[in-house]
Amino acid sequence: MVDKVLATSAALALIEKLKSKHGNFFFHQSGGCCDNSAVNAYLPGELTIGAGDVYLGDIGGVPFYIGQNQYQYWMHTQLIVDVIEGTGGTFSLEGPEGSVFHARSRVFTEEEIKELDLR
367 MVDKVLATSA ALALIEKLKS KHGNFFFHQS GGCCDNSAVN AYLPGELTIG
417 AGDVYLGDIG GVPFYIGQNQ YQYWMHTQLI VDVIEGTGGT FSLEGPEGSV
467 FHARSRVFTE EEIKELDLR
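Under the working numbering, the first residue of the sequence shown carries the number 367, and numbering increases by one thereafter.
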């Protein structure tokens, strides 16, 4: 099975730290605006997930969503969530930790595209 979203070991470690501090949360890949196109971690109730959002899967046991319009651009890529040093935007849960979730990507192979039925 092909995963649409993965996390590096650094991202998984930060996810565990945030889970121990805050409990349940979720990710949303924004499509621009205030935090540009960033991976943001939110507590329940901080952002409404709706019909315009696409569930890509879980990383570290945490659900990951992306806006429908952004998904249309990135549907042929696998998102790889990593961590970089910095403070990032003010919206995301990891802001005070001195690290920022960061999305990298790679284009799916033809075989993966067929398996995912993205044509």
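Quick reminder that beta carbons are idealized off the backbone N, C-alpha and C, glycines included.
From which residue to which residue does the alpha helix (DSSP H) around residue i run?
i: Ala-377; result: 375–388
i: Leu-482; result: 476–482
Less than 8 Å between the C-beta atoms of residue i and residue j, yes or no?
i: His-442; j: Phe-393; result: no
i: Leu-445; j: Leu-409; result: no
i: Gly-452; j: Gly-433; result: no
i: Val-420; j: Val-447; result: no
i: Phe-391; j: Leu-380; result: no
On the DSSP bridge list, what partners appear for residue i?
i: Val-447; result: Ala-373 and Ala-469
i: Pro-429; result: Asp-424
i: Gln-395; result: Val-405 and Ile-432
Measuring CA to CA, which of the options is closest to residue i?
i: Ser-396; options: Glu-481, Ala-469, Lys-480 and Glu-460; result: Ala-469
i: Asp-424; options: His-388, Glu-460 and Val-368; result: Val-368
i: Glu-382; options: Glu-477, Leu-484, Lys-480 and Leu-459; result: Leu-459
i: Leu-413; options: Phe-457, Arg-472 and Ala-373; result: Phe-457
i: Leu-378; options: Ile-450, Tyr-439 and Tyr-437; result: Ile-450
i: His-388; options: Ala-407, Val-371, Gln-436 and Thr-374; result: Ala-407
i: Lys-370; options: Trp-440, Glu-476 and Gly-461; result: Trp-440
i: Leu-372; options: Arg-472, Lys-480, Asp-483 and Gly-461; result: Arg-472
* Asked: Would the segment 463–472 and the segment 417–429 be scored as touching if the rule is three or more Cβ pairs under 8 Å?
  -> Touching, no, given that fewer than three Cβ pairs across the two stretches are closer than 8 Å.
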